[in-house]
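Student: Take a look at the following structure, please.
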Amino acid sequence: MQFIKTSLVFTLLFWSVCLIAQPVTRTDSSFYDVARTKISGITHWYPDEARGDTIKTGLAAFYFPNGDIKQRGYYNHGLADSLWTSYYLFGQVKSRVWYVQGLKQGSFEQYFEGGGLKYAGTYLNDSLNGVIRLYYPNGNIQEERSYSANRLNGPTMGYDIDGKLSFRMQYRDSLPDGPFEKYYPSGNIKEKGSRQGQQFYGDYMAYYDNGQPEMRYAYQNFSIEGPYKVFYDDGSLKIACVYRQGRINGPYTKYFRSGQAEQKGNYADGNLSGTWDYYFENGQLYIEGNYVNNLPEGMWKVFHDNGEQKQLGKYKAGKAEGPWQFFHNNGKVRSQGNFEDNKQQGHWVHFHPNGIVQLDLYYTLGKLEGILTAYDTTGKILEQSEFIDNQLVRQIKGPSAR
801 MQFIKTSLVF
811 TLLFWSVCLI
821 AQPVTRTDSS
831 FYDVARTKIS
841 GITHWYPDEA
851 RGDTIKTGLA
861 AFYFPNGDIK
871 QRGYYNHGLA
881 DSLWTSYYLF
891 GQVKSRVWYV
901 QGLKQGSFEQ
911 YFEGGGLKYA
921 GTYLNDSLNG
931 VIRLYYPNGN
941 IQEERSYSAN
951 RLNGPTMGYD
961 IDGKLSFRMQ
971 YRDSLPDGPF
981 EKYYPSGNIK
991 EKGSRQGQQF
1001 YGDYMAYYDN
1011 GQPEMRYAYQ
1021 NFSIEGPYKV
1031 FYDDGSLKIA
1041 CVYRQGRING
1051 PYTKYFRSGQ
1061 AEQKGNYADG
1071 NLSGTWDYYF
1081 ENGQLYIEGN
1091 YVNNLPEGMW
1101 KVFHDNGEQK
1111 QLGKYKAGKA
1121 EGPWQFFHNN
1131 GKVRSQGNFE
1141 DNKQQGHWVH
1151 FHPNGIVQLD
1161 LYYTLGKLEG
1171 ILTAYDTTGK
1181 ILEQSEFIDN
1191 QLVRQIKGPS
1201 AR
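First residue of the sequence shown: 801, per the numbering used here; consecutive thereafter.
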């Protein structure tokens, strides 16, 4: 408590010197408690002959409940004036702000609780004005912002904790306006483009840290328009397509890093449309099918990487419908049956790679229903079970049969 007493005594002595020969009308003290033992603030009031009243003028101080100073400043005819200083508990400076006739004017600083500048700048007529700097706890600049009339106007730069530039952006009336750039910690450029508010315009480029382009496209009337390209970090093409009024339209191709096509198809107004082909990296066809309004439609074929059929069936409005077959990579049928509304329906049969039946079972809209029979690779019955509504109700043959 020695520090607390010293702080309070110093304040009172300072006032006594400053207030000599000034006609003090009264000193107001406020307290945290009814017993008036824990002071919360002291202000001074002087005669105002023009108003026929008293008005707050002179030094003012406010305290934490433990007696430590919380804020200190000066009033001039009822208005904050000159330097006002705020403190954290236990005496560390929190902020310094200059006032003129009740308005913030001139420099200000805000500090971290552990010490060190947090941000600093200037006020003009109570509004942020000029360059405002924000700092990391290690003392490096985090951002440099340009203000006028309390709004972001002009360039803003951001830095990483090591002091390297991470972004640069232009603002007008606190909204992005003009070119922007983002950077990797290495200093290499990561993105560049232009913004107006929340919209983008003009050319946009994104880069890998090694300097190779990652994306390249352009905006027109705030929508992506024209060629759209994505690249691998070695510079080889990954995706090529065209946008019209912000949506993909026309041919679309995606490539493996080797340059071999991975996907080929078309878009119509942003939706997958028409025939699409998907490939293995060796160039072998993987999937062949058709889209209507972004949904699979009609016959779809899937292949193993050795060229053998893997699955074959039809879609209707994006849902599997009718007979489907699935194949082992030796070309023999693995399973076959029907789908209804994307659910297995009716009799399904699964086969071992040698062509012998493995499972014989039945579904009702995706749920097991009836007798399920399992066979070994020679055709011998291993197990028989009965299901109702996808629940096992009886083991007819097998380890659990009774």
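All C-beta atoms, glycine included, are put in the ideal place defined by N, C-alpha and C.
Once the 5 residues before and after K1197 are set aside, which same chain residues still bring their CB inside 7 Å of it?
Tutor: Numbered from 1 along the sequence shown, position 397 holds the residue referred to as residue 1197. Excluding sequence neighbours, K1197 sits near I1181, E1183, Q1184.
Student: Roughly how many whole angstroms lie between the Cα atoms of Y935 and R896?
Tutor: Here residue 935 corresponds to residue number 135 of the sequence shown, with the count starting at 1. Here residue 896 corresponds to residue number 96 of the sequence shown, with the count starting at 1. Spanning the two alpha carbons is a distance of roughly 16 Å.
Student: Which whole-angstrom value is the C-beta distance of S1073 and V1042, which I expect to be below 8 Å?
Tutor: Locating residue 1073 in the sequence shown gives position 273, counting from the first residue. Locating residue 1042 in the sequence shown gives position 242, counting from the first residue. Between V1042 and S1073 the Cβ distance is about 14 Å, and since that is not below 8 Å, they are no contact.
Student: The beta strand (DSSP E) spanning Q900 covers which residue range?
Tutor: The count along the sequence shown starts at 1 and reaches residue 900 at position 100. In the sequence on display, residue 900 carries Val and not Gln. 893 to 900 is the extent of the beta strand (DSSP E) around V900.
Student: Flag this pair as yes or no: are the beta carbons of S886 and V893 separated by less than 9 Å?
Tutor: If you number the sequence shown from 1, residue 886 lands on position 86. If you number the sequence shown from 1, residue 893 lands on position 93. Against a cut-off of 9 Å, the Cβ pair of V893 and S886 comes out as a contact.
Student: Pull up the distance between the alpha-carbon of Q1144 and that of K1101, whole angstroms please.
Tutor: Against the sequence shown, residue 1144 aligns to sequence position 344. Against the sequence shown, residue 1101 aligns to sequence position 301. Going from the Cα of Q1144 to the Cα of K1101 covers about 18 Å.
Student: Using 8 Å as the threshold, is the segment 985 to 1005 in touch with the segment 1017 to 1026, meaning 3 or more CB pairs across them?
Tutor: Touching, yes.
Student: Which runs of the alpha helix (DSSP H) fall wholly inside the segment 1027 to 1115 and span at least 4 residues, in chain order?
Tutor: Qualifying alpha helix (DSSP H) stretches: none in this window.
Student: Find the nearest neighbour of E1088 within the set P1096, K982, I989, judged by alpha-carbon distance.
Tutor: To locate residue 1088, count along the sequence shown from 1; it is residue 288. Selected option, being the one with the closest Cα: P1096.
Student: Tell me the rounded alpha-carbon separation between F980 and T827.
Tutor: Numbered from 1 along the sequence shown, position 180 holds the residue referred to as residue 980. Numbered from 1 along the sequence shown, position 27 holds the residue referred to as residue 827. If I take the Cα positions, the gap works out to 56 Å.
Student: Can you tell me the Cα-Cα spacing of G1131 and P1153, whole angstroms?
Tutor: For the purposes of this step, residue 1131 is taken as residue 331 along the sequence shown, with counting starting at 1. For the purposes of this step, residue 1153 is taken as residue 353 along the sequence shown, with counting starting at 1. The alpha-carbon atoms of G1131 and P1153 are separated by roughly 9 Å.
Student: My output table needs one value for F912: the three-state DSSP class, helix, strand or coil.
Tutor: Taking the sequence shown and counting its residues from 1, the one referred to as residue 912 is at position 112. Of the three classes helix, strand and coil, the one that applies to F912 here is coil, per DSSP.
Student: What did DSSP end up calling Q942 once you bin it into helix, strand or coil?
Tutor: Residue numbering aside, residue 942 sits at position 142 when the sequence shown is read from its first letter. Three-state DSSP puts Q942 in a strand.
Student: From the DSSP output, in three-state form, read off K1143 for me.
Tutor: Taking the sequence shown and counting its residues from 1, the one referred to as residue 1143 is at position 343. Correct three-state label for K1143: strand.
Student: Please confirm whether P976 and R995 have their CB atoms less than 9 Å apart.
Tutor: Start at 1 with the first residue of the sequence shown, and residue 976 comes out as number 176. Start at 1 with the first residue of the sequence shown, and residue 995 comes out as number 195. Contact flag set, yes.
Student: Between I842, T854, R851, A850, which lies nearest to R872 when the distance is taken from Cα to Cα?
Tutor: Sequence index remark: in the sequence shown, residue 872 carries index 72 (1-based). Ranking the options by Cα distance to R872, first place goes to I842.
Student: Could you give the DSSP three-state label for S807: helix, strand or coil?
Tutor: If you number the sequence shown from 1, residue 807 lands on position 7. Any answer about S807 is weak, because its pLDDT of 47 lies below 50 and its placement is not dependable; what the coordinates show is given next. Reduced to three states, the DSSP call for S807 is helix.
Student: Rounded C-beta distance between K1213 and K1054? I'm assuming under 8 Å.
Tutor: No information on residue 1213 is available, as it lies outside the stretch 801 to 1202 that the chain covers here.
Student: For P1136 and M1005, what's the separation of their Cα atoms in angstroms?
Tutor: The residue labelled residue 1136 in the question sits at position 336 within the sequence shown. The residue labelled residue 1005 in the question sits at position 205 within the sequence shown. Checking the sequence shown, residue 1136 turns out to be Gln, not Pro. If I take the Cα positions, the gap works out to 49 Å.
Student: Along the chain, where does the beta strand (DSSP E) containing K1205 start, and where does it finish?
Tutor: Given that the chain is displayed from residue 801 to residue 1202, the structure contains no residue 1205 and the question cannot be resolved.
Student: Leaving out the 5 sequence neighbours to the left and right, which residues in its chain are closer than 6 Å to Q1060 when beta-carbon positions are compared?
Tutor: Taking the first residue of the sequence shown as 1, we reach residue 1060 at position 260. Once the five neighbours on either side are set aside, the close Cβ partners of Q1060 are E1081, G1083.
Student: Where do the N-terminal and C-terminal ends of the beta strand (DSSP E) with P847 fall, by residue?
Tutor: Working through the sequence shown from its first residue, we reach residue 847 at position 47. Note, P847: beta strand (DSSP E), 839 to 848.
Student: At which residues does the beta strand (DSSP E) containing I989 begin and terminate?
Tutor: Taking the sequence shown and counting its residues from 1, one reaches residue 989 at position 189. Element bounds for I989: 989 to 996.
Student: Put N1138 into one of helix, strand or coil per three-state DSSP.
Tutor: Numbered from 1 along the sequence shown, position 338 holds the residue referred to as residue 1138. Three-state DSSP puts N1138 in a strand.
Student: Let me know if G1065 comes out buried or exposed under the rule of 16 or more other beta-carbons within 10 Å of its beta-carbon.
Tutor: The residue labelled residue 1065 in the question sits at position 265 within the sequence shown. Buried is the call here.
Student: On the criterion of 16 or more Cβ atoms from any shown chain inside 10 Å, does Q901 qualify as buried, or is it exposed?
Tutor: The residue labelled residue 901 in the question sits at position 101 within the sequence shown. Exposed, since its Cβ has fewer than 16 Cβ neighbours within 10 Å.
Student: Helix, strand or coil for E1186 per DSSP?
Tutor: Mapped onto the sequence shown, residue 1186 falls at position 386. Three-state DSSP puts E1186 in a strand.
Student: Could you say which of E1014, Q1063, R1047 lies nearest to G1026 if we only look at CA atoms?
Tutor: Numbered from 1 along the sequence shown, position 226 holds the residue referred to as residue 1026. G1026 has its Cα closest to that of R1047, out of E1014, Q1063, R1047.
Student: Please tell me whether S830 and P865 are closer than 9 Å, where the distance is taken between their beta carbons.
Tutor: Within the sequence shown, the letter at position 30 stands for residue 830. Within the sequence shown, the letter at position 65 stands for residue 865. Their beta carbons are not under 9 Å apart, which means S830 does not touch P865 by this criterion.
Student: Could you tell me if H1045 is buried or exposed, where buried requires 16 or more neighbouring beta carbons within 10 angstroms of its beta carbon?
Tutor: Numbered from 1 along the sequence shown, position 245 holds the residue referred to as residue 1045. It should be noted that the sequence gives Gln, not His, for residue 1045. By the neighbour-count rule (16 or more Cβ atoms within 10 Å), Q1045 is not buried but exposed.
Student: Mapping the DSSP letters down to three states, classify V931 as helix, strand or coil.
Tutor: Position 131 of the sequence shown, counted from the start, is the residue given in the question as residue 931. Of the three classes helix, strand and coil, the one that applies to V931 here is strand, per DSSP.
Student: Helix, strand or coil for V1149 per DSSP?
Tutor: In the sequence shown, counting from the first residue as 1, residue 1149 sits at position 349. Three-state DSSP puts V1149 in a strand.
Student: Please report the residue range of the beta strand (DSSP E) in which E981 lies.
Tutor: For the purposes of this step, residue 981 is identified with residue 181 of the sequence shown, where counting begins at 1. It spans 975 to 983 - the beta strand (DSSP E) in which E981 sits, taken as one unbroken run.
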